[in-house]
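Numbering (my numbering), first residue to last: 17 to 171.
Think of the CB as a built atom: it goes at the ideal place given N, C-alpha and C, for glycine as much as any other residue.
Just so it is clear, the structure is predicted and the values come from calculations on it, not from any experiment.
Remarks on the structure that follows.
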């Protein structure tokens with residue numbers, strides 16, 4: 017386990033979405049207030065799962081407290097060049113990529129070039145393997161099959 021300069025175990029919240037940083041109204045406070053509260057509670061950093069730009073802005077503002085990991089909805093593969101976009105954010109300092117909402121199982125060969133991009137850069141791949149709620153904001157995209165996100169697909 018990593019330790020801080022004072023010898024205590026470093027505590028990282030590995031699953032934080034962008035609301036405290038990008039939309040303070042939803043958090044009922046500012047990003048700075050959130051960071052202050054987390055530090056007071058003994059948290060040394062957070063893995064921020066958000067769009068790339070939000071990740072970079074939060075990292076610039078809060079430094080090493082924020083570990084930036086942009087989220088990628090795999091269902092958009094083919095409509096956008098995800099590999100090129102991922103490379104852009106990894107080049108700007110993001111530490112990994114979170115994959116979510118695949119139309120095919122995570123093990124599908126269509127996704128392998130994306131995973132290879134992450135591996136080649138020494139970054140971390142994070143896979144959403146839980147439930148997804150549907151907001152209905154993208155009616156042209158079919159519902160996501162939860163079985164496609166099973167952890168066994170990334171073994």
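If you ignore the 5 residues before and after residue 108, its C-beta comes within less than 6 Å of the C-beta of 72, all in its own chain and listed in chain order.
Annotation for residue 29: no alpha helix (DSSP H) segment contains it, though the beta strand (DSSP E) segment containing it runs 28-33. Ranked by how close their Cα comes to the Cα of residue 117, the residues 104, 89, 96, 129 have 89 in first place.
Distances from the CA of residue 119 to each of 65, 160, 85, 56 were compared; the closest alpha carbon is that of 160. The beta carbon of residue 130 sits closer than 7 Å to those of 98, 99, 102, all from its chain and outside the five residues before and after it, given in chain order.
Under a 10 Å Cβ-count criterion, residue 87 is classified as buried, with 16 or more other Cβ atoms of the shown protein chains found around its own Cβ. In this structure, the beta-carbon distance from residue 165 to residue 138 does not fall below 9 Å. Taking a 10 Å sphere around the C-beta of residue 75, we find 16 or more other C-beta atoms and assign the residue as buried.
Annotated three-state conformation of residue 96 is strand, per DSSP. By the neighbour-count criterion, in which a residue is buried when 16 or more other Cβ atoms sit within 10 angstroms of its Cβ, residue 25 is exposed.
Scanning the region 66-133 from its first residue to its last, the whole alpha helix (DSSP H) runs of 4-plus residues come out as 68-78, 98-107. Going by DSSP, residue 141 is part of the beta strand (DSSP E) stretching over 140-143. Distance from the CA of residue 66 to the CA of residue 22, rounded to the nearest whole angstrom, comes to 31 Å. If you ignore the 5 residues before and after residue 169, its C-beta comes within less than 6 Å of the C-beta of 121, 122, 123, all in its own chain and listed in chain order. By DSSP's assignment, residue 61 forms a beta bridge with 28. Boundaries for residue 163: no alpha helix (DSSP H) harbours it, and the DSSP string shows neither H nor E there.
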